[in-house]
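*Asks:* Okay, here's the structure, questions in a sec.
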Amino acid sequence: WFWDCLVDADPASNIAGWQWAAGTGADAAPYFRIFNPILQGSKFDPNGDYVRALIPELSNFKGRNIHAPWESDSKNDYPPPIVDHRLARERALAAYKTIAKN
Numbered sequence: 058w059f060w061d062c063l064v065d066a067d068p069a070s071n072i073a074g075w076q077w078a079a080g081t082g083a084d085a086a087p088y089f090r091i092f093n094p095i096l097q098g099s100k101f102d103p104n105g106d107y108v109r110a111l112i113p114e115l116s117n118f119k120g121r122n123i124h125a126p127w128e129s130d131s132k133n134d135y136p137p138p139i140v141d142h143r144l145a146r147e148r149a150l151a152a153y154k155t156i157a158k159n
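The numbers in this note's numbering rise by one with no breaks, and the one at position 14 of the sequence shown is 71.
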């Protein structure tokens, strides 16, 4: 069922991609590897081609602005992020450390 709901279902992408990042793939990521989606997008989709193809609301943003549209110099009404990735990463690592101790 989950496979049928994916917009971009692909065995290689799933097992070596999001499943790996989620720790459920054939070669799961270590618990302390927490990805920042903004940095990952900037690194692997620098021009935002993939994002533009799937999120039409962001299609007018140029270049790297697409990965952080709330920081764009152009006038836009894009809302600020809901999640502070730095803080969320710190909280997750602290929680993992607590679990490891117990």
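Think of the CB as a built atom: it goes at the ideal place given N, C-alpha and C, for glycine as much as any other residue.
1. In three-state DSSP terms, what is Asn104?
2. Look at the alpha carbon of Arg121 and the alpha carbon of Arg109, and state the distance between them as a whole number of angstroms.
3. For the putative contact between Leu164 and Val64, defined by C-beta atoms under 8 Å, what is the C-beta separation to the nearest angstrom?
4. Whole angstroms are fine: how far does the CA of Asp134 sit from the CA of Ile72?
*Replies:* With the structure as the only source:
1. Asn104 falls in the coil class under three-state DSSP.
2. If I take the Cα positions, the gap works out to 11 Å.
3. A question about residue 164 goes unanswered here, because the residues of the chain that appear run from 58 up to 159.
4. Linking Ile72 to Asp134 through their CA atoms gives a straight-line distance of about 36 Å.
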